[in-house]
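**Q** Counting with my numbering, you get residues 7 to 193 for the letters of the sequence shown. Below you'll find the structure I mean.
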Amino acid sequence: ENDWEIIAGEFGVEDGALKQTFASADDNNAFRCLAVTKWEIEDGTIEAQVMHSGAGLNDALVFYRMTDTDNGYASRLQLDGYITIGRISDGTHAHIKYAATPVEADVLYTIRIELSGDTITVYVDDEEKVTVDDDISPKGRVGFGMSRCAGGASLQRISVTGDGITAAAVSPNDKLATTWSEVKTSR
């Protein structure tokens with residue numbers, strides 16, 4: 007069983023990382039590439055290691071509390087030097103809050119998202135960058151994606167921890183799940 011549902015674009019595994027291999031041509035979609043897991047999170051921590059490839063406009067996004075493929079939240083690490091928290095409504099991404107942060111191509115960054123009730127706090131490489139209180143989507147799925155995919159981005163590792171996380175069973179033979187993630191659940 008594959009833990010990823012591909013919504014838009016194409017993904018593959020390259021050097022052990024989940025990587026965009028082709029972007030969606032749908033300009034009306036807020037995200038050129040989007041894959042979501044079967045895991046749901048309410049309160050807890052999501053930690054993802056991401057890398058932008060090459061130059062150009064590239065955004066790596068970690069999705070959380072996605073109630074469906076068009077609604078939830080995303081934290082976007084932008085190659086042009088920002089980390090954001092955004093709300094996704096009907097497939098459209100709107101920034102709630104953002105902060106400047108240095109970002110370079112071909113450098114591995116760790117994005118940590120802490121969810122506690124209505125509070126969302128985002129860290130880049132263990133430095134707190136942005137916090138918001140928002141109660142639109144209290145629980146939902148976790149995912150990874152890209153927008154403005156000029157050069158692409160890759161997901162090196164993702165970890166989801168917290169109480170009440172529902173995780174799909176992983177059948178390890180020849181599955182993407184064996185190469186991309188480490189899932190931790192606390193009960």
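Glycine included, C-beta positions come from ideal geometry on N, C-alpha and C.
Measure how close the beta-carbons of Lys-135 and Glu-48 come, nearest whole angstrom, since I'm counting them as under 8 Å.
**A** The count along the sequence shown starts at 1 and reaches residue 135 at position 129. The count along the sequence shown starts at 1 and reaches residue 48 at position 42. In fact, because the Cβ distance is near 22 Å, the residues do not count as touching under 8 Å.
**Q** How is Val-210 classed by DSSP in three states: helix, strand or coil?
**A** The structure shown does not extend to residue 210, since the chain spans only 7 to 193, so no value can be given for it.
**Q** Express the C-alpha separation of Asp-112 and Ser-59 in angstroms, rounding to a whole number.
**A** By one-based count along the sequence shown, residue 59 stands at place 53. By one-based count along the sequence shown, residue 112 stands at place 106. Cα to Cα, Ser-59 sits roughly 5 Å from Asp-112.
**Q** Does the distance from the CB of Thr-137 to the CB of Thr-127 come in under 8 Å?
**A** Taking the sequence shown and counting its residues from 1, one reaches residue 137 at position 131. Taking the sequence shown and counting its residues from 1, one reaches residue 127 at position 121. The Cβ atoms of Thr-137 and Thr-127 sit closer than 8 Å to each other.
**Q** Sort Ile-89, Glu-110 and Asp-131 by Cα distance to Lys-103 and report the nearest one.
**A** Taking the sequence shown and counting its residues from 1, the one referred to as residue 103 is at position 97. It is Ile-89.
**Q** Quick one: Cα of Arg-82 to Cα of Gly-92, how far?
**A** Counting from 1 along the sequence shown, the entry for residue 82 is found at position 76. Counting from 1 along the sequence shown, the entry for residue 92 is found at position 86. In a straight line, the C-alpha of Arg-82 is about 8 Å away from that of Gly-92.
**Q** When we look at the beta-carbon of Leu-114 and count the other beta-carbons within 10 Å, is it buried (16 or more) or exposed?
**A** If you number the sequence shown from 1, residue 114 lands on position 108. Residue burial is scored here from C-beta neighbours: Leu-114 has fewer than 16 other C-beta atoms within 10 angstroms and is therefore classed as exposed.
**Q** So what does Thr-137 bridge to, in DSSP terms?
**A** Translated into the one-based positions of the sequence shown, residue 137 becomes position 131. DSSP, once it has assigned bridges, lists Thr-127 as partnering Thr-137.
**Q** Which residues in the same chain have their Cβ closer than 6 Å to the Cβ of Arg-118, if we skip the five residues on either side of it in sequence?
**A** For the purposes of this step, residue 118 is taken as residue 112 along the sequence shown, with counting starting at 1. Once the five neighbours on either side are set aside, the close Cβ partners of Arg-118 are Glu-53 and Tyr-129.
**Q** What residues in its chain sit with their C-beta under 7 Å from that of Ser-95, if we drop five residues either side in the sequence?
**A** Sequence index remark: in the sequence shown, residue 95 carries index 89 (1-based). Counting only Cβ-Cβ distances below 7 Å, and skipping sequence neighbours, we find Asn-77.
**Q** List the residues that DSSP assigns as beta-bridge partners of Arg-93.
**A** Taking the sequence shown and counting its residues from 1, one reaches residue 93 at position 87. DSSP output for Arg-93 lists Tyr-79 and Ala-100 as bridge partner(s).
**Q** Could you give the residue range of the beta strand (DSSP E) that holds Glu-53?
**A** One-based indexing of the sequence shown puts residue 53 at position 47. Run containing Glu-53: 50-58, per the beta strand (DSSP E) assignment.
**Q** Within 10 angstroms of the Cβ of Gly-50, are there 16 or more other Cβ atoms? Answer buried if so, exposed if not.
**A** Within the sequence shown, numbered from 1, the residue matching residue 50 stands at position 44. Gly-50 is buried by the Cβ-count criterion.
**Q** Can you give me the C-alpha to C-alpha distance between Val-166 and Thr-107, rounded to a whole angstrom?
**A** Indexing the sequence shown from 1 puts residue 166 at position 160. Indexing the sequence shown from 1 puts residue 107 at position 101. Each residue's Cα considered, the two are about 24 Å apart.
**Q** Got a sec: does the ligand GTP put a non-hydrogen atom nearer than 7 Å to the Cβ of Ala-111?
**A** The ligand GTP is not part of this structure, which contains no ligands at all.
**Q** Of the choices Glu-120, Val-148 and Phe-150, whose alpha-carbon is the least far from that of Asp-139?
**A** Translated into the one-based positions of the sequence shown, residue 139 becomes position 133. Nearest option by C-alpha distance: Glu-120.
**Q** Run the CB neighbour count on Asp-65, radius 10 Å, all protein chains shown included, and call it buried at 16 or more, exposed below.
**A** The residue given as residue 65 occupies position 59 in the sequence shown. Under this definition Asp-65 is a buried residue.
**Q** Which first and last residues belong to the beta strand (DSSP E) in which Thr-117 is found?
**A** Start at 1 with the first residue of the sequence shown, and residue 117 comes out as number 111. Note that residue 117 is Ile in the sequence shown here, rather than Thr. Per DSSP, Ile-117 belongs to the beta strand (DSSP E) from 114-122.
**Q** Compare the C-alpha of Thr-98 against each of Leu-161, Ser-153 and Ile-164 and name the closest.
**A** The sequence position of residue 98 within the sequence shown is 92, counting from 1. Ranking the options by Cα distance to Thr-98, first place goes to Ser-153.
**Q** Do you know offhand how far Glu-110's Cα is from Thr-73's?
**A** The sequence position of residue 110 within the sequence shown is 104, counting from 1. The sequence position of residue 73 within the sequence shown is 67, counting from 1. Glu-110 and Thr-73: Cα-Cα distance of roughly 32 Å.
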